[in-house]
Each structure stands twice: as structure tokens, then as C-alpha cells.
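Notes to accompany the following structure.
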Amino acid sequence: MKHTKTAFAVTLITASLATLALAQQAKTVNIFGAFSGNEANVFQAVIDSFEAKNPGIKVSYGSSNDFNTVLNVRVQSGDYPDIAAIPQPGVMKDLASKGALVPVASATAALIKNNYAPAWGELGRGDDRKLYGVFHRVNVKGLIFYNKAAFEGAGYKVPKTWVELQALTKSMESSKAAPWCVGMESGGATGWVATDWIENIMLRTQTTKVYDNWITGKVNFNSEQVRNAFKILDGIWGNPKAVYGGRGSIAATSFLDSAKGLFTKAPQCWLHMQGSFATDFLQDDIKKNLDANVGVFVLPMINTKLPQTLEVGGDQFVMFKGKNRPEVQKFMTFLATGASAEPWAKVGGGLFPHKDQNLNAYKTKLERSFTEIILSAKSARFDASDAMPSAVNQAFWKGTTDWVTGGGTLDSVLNDIDAAYKK
Amino acid sequence: MVKANSSPVAPSKTPVMLGLIAALVVTLFVYYQVFLFLREGTANPWIIFIVSLLWGIGGIWLLFVLVTSIVDLLPGKYRQGIMPWVFATPALALVFYYLLIPTFRTFWLSLLDSDSIKFVGLQNYVYAFTSPAMLESFKNNLIWIIFGGGLSVVLGLLIAALSDRTRPSFEVSVKTLVFLPMAISMVGAAVIWKLVYQYAPAGANQIGLLNSIGGVFGADPVAFMIARGINTYLLVVILIWMQTGFALVVFAAAIKGLPSELLEAARIDGATELESFFKITIPYIQVTIISVTTTIVISTLKVFDIVFGMTGGNFGTQVIANEQYTQMFRSFNYGRGAAVAIVLLIAVLPVVYFNVRDFGKEAKGF
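Chains as they are written, first to last, in my numbering: chain A, 1 to 423; chain B, 1 to 366.
See below:
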């Protein structure tokens, strides 16, 4: 018995030491992101095309539905991933100012300068003006979706201006469906649909300068400019005839379900405003032929004196401190090329900002048209709430939710959000 | 067993002892290497799997054998004193590392600002006791305790007492049905009840259970989850649905332990059923009632999953634990999050004390 034990112990130790000495730690790039499921599978196609060109490097992608929480815990404990794909510039700036990130290599920076519109490079900069982020898949918000067959069948025309849009929705109020489907329920993140609406209205009523100052807290929430945006939103959401189910349904309806209202057997509504990703929420049989079923136009400018500005969003990839190994840099550079867009564009579900991308690769004309909207935009701004400090973003979500559901007056809600800047 | 044949007597002990200590040092060194290797985590997954399996089981065994052998070689009086610690130390170390240190660290964080850099004194506690979100949470947690805790216990006791009087086959099926929800996780329950409370505007297809039943009787659909004033109570119903089963099973076991002579004697003395229930059954199982109540009260104080899954704390349903999560992991305000966590801890402590004290009583009683 004694000898068996000793023999076992000796074997365990020697075998383990040998294994540890011999086991090759592969050249691996670890990426951590917020997107999962089908999107992660498609991203694997991007990884595959990189690995095919760079034998010897393995790239692995992992995700969490509670991305921000997990990333923050990992950063706190020093357990950095090599690369993270961060949806919120506010979070990127936080991490950069804490010294957890390293700026991109010069090769990557050169590509960002030449291959992207300047706005994307600007969004990738930290407070120290250094370039940290590479944008890959992006989206555009403030798109208004409609059911092509029903819309054209009813003889409606796509409005070119805000006045035309208002006239159109007014005439829709007396039809058999409501003008708008709106749903903002999104679990703990309830509120982002409303903040997206406010942001889009802000971009269409105020200069980009006001918008930028609003993000940094120099323009208060309780200011004439922001109050005006809420007033315009109230004109739509607060009008019981304008929204399917009325105001009381908005917070009780999931954002996933509200888009489907365009294509129910008897359409519940004519219009639905959402980001380009909303095509993913539609019914399966509609998704099979998006080009034939879905029509889209951009929310027109409200103040026509201002130049058209788009609201965009997207994940930016950043490298962590001590992790900028050559293979990691190589992958970051790859993400800045159009070649990294093509595998995803082919499958669908992603738009890309790269100038050198192959537009013919997009699976649907619809997605290609979204991409063209992004590429041709003279001016673009990021989702404001995502660019605000996390605490303000949270207060903004909660505030709009309270406002919509009668949990507070406009004044109290706006003051509460302003208070979140001060902490 | 471990008390190996290597422990007989004195002089030859020293070399063996040194050998064992050397082996222990080697093992700990290898453990450290294994730790580094696993932390790096980029090797072939199969090698990672085998190494962690071997050292998770074989390594622990080896450490245990080495340490007990060393202690065995010590003179008797030391051995008696040290041996229990060999067994208890790992568990104590884990409690210390995972429970005690984080508690003190959380307290320290609660005195710092949102990024845990500047000392701000009790400022976060001012938030924890005066902010609208926390006042709403206190009010709601009170509702959870009184209605959630109270109704679970009362219903559990009622069903236990009544089912005790029925046919055994009927009793078993009732108990099984009531107990079944206990097998579901809180988040799972939230998903199920989402379908019960689901709302769609009037005229649309109502897939929510309550609204479709209401529709049969011609009632307008109600958006239950955003209906301030009733939504917290509707969430409490979920907890009652889950916890009644727990209370029922424990009470049923306690009632079964009630000697039938007591009840018979009461009947002979002319006590009614109600009298014997209140004057004999309840006093007899009092200790059980207290420990079940405190256990459920603790879970209502800490309630998180149901609120998180159903409303995200919106629409006036916020509770303390979810407010802690929101501050810590959505607003990234570590100071406030930690302060709220400490407030919750302090609120739970007295209940835990009652709970543990009565466990002690119960143990002595048997």
C-alpha cells in the first residue's frame, strides 16, 4: 500500500512537470466581446479568414451577455483579455484613462486614417487623444422601416421632409393601423429605445456642437435644447392615436416584438424607427427576403437649415496593456481592412465602415444600401447615451423609462439625469 | 488509514520527516507551476483538462497524505492538537478568503468614491439612506418581507396542517405539486411568470395567461409589469409560489413528529380542532416555524433574480439587491454599490442571528 502511494505520487509529480515543460502555449489571440450566438458564429468566419492567411496564430472569441460587468471585473483583477470589442466609447475612455489599454500600432493607425471616415478615428480616441479603437462592425440608427407591400398598396409615399412625415403620420391615424410601433422593454437595459429617439431628434434639431456638449455635460439635460427634443417625442409617443396600443403599451412591449408589428397578418402599424440591426428582429419568413419585403428611409431633418447628420453605433476593438504582442497587433490591423468585412457581409447581419470593402459582397441590397448611407454620410455622431459616462447612461435610461410610464415629471426626470454627472 | 506504519518510534524519525517536508515543498512548487500554467490557459484544451483533473483530485490527495504523515510523526500531545486543524484549515481559509476579506473590503470600498480612489467618508451611506431609489427599495423590500414571507409561511402551514388530515395518496400529490416550484431557479420562475403577466395591446393576440383569461370575460388587457402600485405585489406572488413548497415540506415533517397522544388527550378534554391546532400544534412546532420564517425572510431581503428578470427594477419595483447591482455594475459606482451592499448585510444579520440561534436550540432538543 505504502509503495503504491509513493509510486503514484512520484508519477504524478514527474508526469506533470514533464507536461508543463513540453506543452506548447500556442500563439493565441483572445478576444472578449458582447455579441454572442449567431453573431459570434459569423465573426468566426472573419477569424477563419485571418487564420488562413496567418498560419500559426490562433484566434479565439468569447462573449458574455453581461459584457460590461464581466469586463470590469476582469480589469479590476488584472485578468485582461488580449482584445475586447467594446460597444460603448464611454467605457473605452474609462478604461483608457485607467491605463488598462495600449494605443494601436502605427500600421493600424495608418489604416484607420486612410480607410475610414475621420469620424471613426475620432471615436477611437481616448481623453488623452491617443488612438485606441478599431471599428469593425457598425450600425446606423434613426432608420424608419416599413412594410413595402402594405405601404405601397395603401398609396403612401416615402416622406422627404419632417413636414411630409408629420402629414403622412397624421393621415395614417385614421387608417386601420397605427402610424408607429414602439416598444422599449429590454430587461435591465429598458430605456435605450427612448434614448435613441431623443438622440436622433437632437441630431435633427441641434448642431453637432450642441450634441457633443450634451454628451460631455456642458449642455444640461434640463436645457431648452433637450427639453425641446422631449417635447417633440411627446408629440408622437404621447398621442394615443400615433402609437399602436397607445403610450401605456410602449414600456410594456419588448423592442424585439415591436418591429414585428409591421408584418403581422393585419399590420398593427405602418412605421417603425430603429437601428439597422432591426432586420434581425423581423419574422423569419420576412427575413428570408428582406429586399422584397422591407422598405427603409432615414428620419428626415427637423431643422432643415442643419446638414444631415447620422447617428451611428458599433463595437470598437481595443488592445490591453501588456498584450500588444505582434500577433495581437496583426489581428487589429486585419480588422481595419475591408478583407475582414467581406466574410461577415456575405452572411449578412453586419455593416462595415471600411472604404476598401467589397460592396458586392453584401448578402442583401438592403444591407448594401445601409452601408452606402454610412459611407456617404457627411457627418455622423455616435449614440450619445453610450458615449456618456456609465452612470449618466444608466440615469438616462431610467429617466426616460420613468417619464414614459408616468414615474416622474419631465422636470424631475431631467434634473435626476443631470445629477448623475456630479455623482 | 492515514495513520501509517511509518510512525512507530523515535530516532529514525528525523530523516523521514525531512524527506516528507521536502516532498511537501516540491508538491507546493509544482502546484504553483500548475497554477501559472492554467492561468495562461492557451495550451491544448485536453492537456488543460487532464492537468486540472489530476491536480484537482490527485494533488489534493497528495497534499493531504503528506501533511497528515508529517503530523503523525510529531509527538502525541502535538499530534492531538494539530490534527483537527489539518482538516479544518482549508475550509477556514476558504471562508476567510472568499467571505471575510471581501466583507471588509466591501466596507472599505463603501467609504471611497465611485472609482475607489478618494476617501469620501459616509457620503455613500447618505445616498443609501436618502436617495429616491433606495427609499423605493426599502419600501418594496418591506412589502416583500411582509407579504412574501408572511403568506409563504401561512400558506405552507395551512396546507401542511390540512393535507396531514387527508388520504396519504392525496397528501403526497398535493405536497408534490406545491413543492415542485422549488425545483425551478428564480430566473426560470421569472421567465415562466413573464408569460403569465405578458401584455399585448387590446385587439392583439393575448399570449399572457392572465390577460387572455381576462379577455374571455371581456376585460381590457392590463400591462401588469408597468402598473405602479400593484406590480411589486405581483412579483411577490412569484416568490410565494416558490417558497410555500419549502415551508410546507418542513412544516409537514414537524407536524408528523407531533405525538398523537397529545392530540388525543386534547380531544378527550374537549378541545376543538382549531383550539388544538393553535394551542398544541403551533407551540409544538414553534422552533420550526421560526427557522422557516427567518430563512424565507432572508431570501426576501436578498431578493434579486425575480426583480432583475421581470422588470429590471424599473416601474417602481426596485429592491435593495438590484439597486446594489445597478450601482455596481451598470453605473460602475463602486462606492455606492458597496454602501448598499453593507446596508443589506446589516439588515440581514439580525435575521441570520435568530435563524442560527434557533438551529442551535433545535439541535439541543433532539
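C-beta: ideal position from N, C-alpha, C; glycine also.
So is residue i in contact with chain B if we call contact Cβ pairs under 8 Å?
i, result
"L290 of chain A", "no"
"L335 of chain A", "no"
"Y211 of chain A", "no"
"T108 of chain A", "no"
"K398 of chain A", "yes"
"N239 of chain A", "no"
"S77 of chain A", "no"
"A252 of chain A", "yes"
"K93 of chain A", "no"
"K5 of chain A", "yes"
"G183 of chain A", "no"
"L12 of chain A", "yes"
"G217 of chain A", "no"
"A96 of chain A", "no"
If we define contact as Cβ-Cβ less than 8 Å, is residue i a contact residue for chain A?
i, result
"A223 of chain B", "yes"
"N140 of chain B", "no"
"Q80 of chain B", "no"
"V187 of chain B", "no"
"F308 of chain B", "yes"
"T103 of chain B", "no"
"F37 of chain B", "yes"
"G58 of chain B", "yes"
For residue i, count the other beta carbons within 10 Å of its own beta carbon; 16 or more makes it buried, fewer makes it exposed. Which is it?
i, result
"W197 of chain A", "buried"
"G379 of chain B", "There is no way to answer for residue 379 of chain B, as the model of chain B reaches only from 1 to 366."
"T304 of chain A", "exposed"
"R372 of chain B", "The structure shown does not extend to residue 372 of chain B, since chain B is modelled only from 1 to 366, so the question has no answer here."
"W108 of chain B", "exposed"
"D48 of chain A", "exposed"
"L162 of chain B", "exposed"
"I306 of chain B", "buried"
"Y78 of chain B", "exposed"
"R165 of chain B", "exposed"
"K355 of chain A", "exposed"
"H136 of chain A", "buried"
"Y353 of chain B", "exposed"
"T130 of chain B", "exposed"
"G275 of chain A", "buried"
Mapping the DSSP letters down to three states, classify residue i as helix, strand or coil.
i, result
"Y353 of chain B", "helix"
"H3 of chain A", "helix"
"K77 of chain B", "helix"
"N333 of chain B", "coil"
"G33 of chain A", "strand"
"V413 of chain A", "helix"
"L112 of chain B", "strand"
"P87 of chain A", "coil"
"V303 of chain B", "coil"
"F217 of chain B", "coil"
"R368 of chain A", "helix"
"V243 of chain A", "strand"
"P201 of chain B", "coil"
What residues match up with residue i in a beta bridge as DSSP calls it?
i, result
"Y146 of chain A", "A:L271, A:G295"
"V138 of chain A", "A:G314, A:L351"
"V102 of chain A", "A:M319"
"T28 of chain A", "A:K58"
"A380 of chain A", "A:L310"
"R39 of chain B", "DSSP output for R39 of chain B lists no bridge partner at all."
Under 8 Å, Cβ to Cβ, is there at least one residue of chain D near residue i?
i, result
"Y199 of chain B", "Included in the structure are the protein chains A and B, with no chain D among them."
What residues from chain A crowd round residue i, counting only those whose CB sits closer than 9 Å?
i, result
"T330 of chain B", "The identity of residue 330 of chain B in the sequence shown is Arg, whereas the question assumes Thr. Residues of chain A passing the Cβ test: N68, T69, G188, A189, S390, A391, N393, Q394, W397."
"V51 of chain B", "S16, T19, L20, A23"
Cβ closer than 7 Å: which chain B residues qualify as neighbours of residue i?
i, result
"G245 of chain A", "P201"
"L17 of chain A", "V30"
Under 8 Å between beta-carbons, which chain B residues line up against residue i? List them in chain order, please.
i, result
"T279 of chain A", "Within chain B, no residue comes near T279 of chain A; the closest Cβ sits about 22 Å away, beyond 8 Å."
"S223 of chain A", "Under the 8 Å cutoff, chain B gives no residues; its nearest Cβ is about 22 Å from S223 of chain A."
"N72 of chain A", "F329, F332"
"T401 of chain A", "N314, F315"
"T195 of chain A", "In chain order: nothing, as chain B lies at least about 14 Å away."
Mind pulling the chain A residues with CB within less than 7 Å of residue i?
i, result
"I226 of chain B", "A251, A252, T405"
"Q33 of chain B", "L20"
Show which residues of chain B have a CB atom less than 9 Å away from the CB atom of residue i.
i, result
"Q268 of chain A", "P201, G203, A204"
Taking residue i as the query, report the chain A residues whose CB atoms sit under 8 Å from its CB, ordered along the chain.
i, result
"L63 of chain B", "Within 8 Å Cβ-Cβ: nothing; L63 of chain B doesn't reach chain A, min ~10 Å."
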